[in-house]
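All remarks here apply to the structure that follows.
Numbering (full-length UniProt numbering), first residue to last: 1 to 102.
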């Protein structure tokens, strides 16, 4: 079972928010770790959410929600890891940027 991950990111000049969802063609339990690192004019930060999810076949399942208020320019990095026991099923690592205004 390797669930499909959708990060559902909304990005703009005032920050970033995400509400990931998982979907699998098989039912099963997974654990997740969701990290958000950011760097902007106000400094650096790191947020983390983790927990478990009981997936039902062919149904989307939300796994956390993070929001970050930032002013451009900023950089943010998101990493979502899915585990089943000690086995890493999947990992997404993405970077988002808001460049400074001209």
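We treat Cβ as the ideally placed atom computed from N, Cα and C, and that holds for glycine.
For residue i, the three-state DSSP class (helix, strand or coil)
i, result
"residue 14", "coil"
"residue 26", "coil"
"residue 9", "strand"
"residue 69", "strand"
"residue 2", "coil"
"residue 100", "coil"
"residue 59", "coil"
Sequence-distant residues of the same chain with beta carbon closer than 6 Å to residue i, five excluded per side
i, result
"residue 77", "37, 95"
"residue 64", "34, 49"
"residue 45", "38"
"residue 97", "75"
"residue 1", "24, 26, 28"
Which listed residue (the options) has its alpha carbon closest to that of residue i
i, options, result
"residue 5", "88, 82, 86, 97", "82"
"residue 21", "8, 98, 99", "8"
"residue 3", "89, 97, 100, 93", "89"
"residue 67", "92, 73, 18, 85", "18"
"residue 42", "10, 87, 75", "75"
"residue 91", "99, 98, 79", "79"
"residue 15", "73, 1, 84", "73"
"residue 12", "69, 84, 93", "69"
C-beta contact flag for residue i and residue j at 8 Å
i, j, result
"residue 31", "residue 62", "no"
"residue 40", "residue 71", "yes"
Chain C contact for residue i (CB, 8 Å cutoff)
i, result
"residue 72", "Going by chain labels, chain C is absent from the structure shown, which holds only one protein chain."
Close beta carbons around residue i, own chain, < 7 Å, minus the five adjacent residues each side
i, result
"residue 100", "72, 73"
- the segment 50-70 contacting the segment 11-29, beta-carbon criterion three pairs below 8 Å: yes
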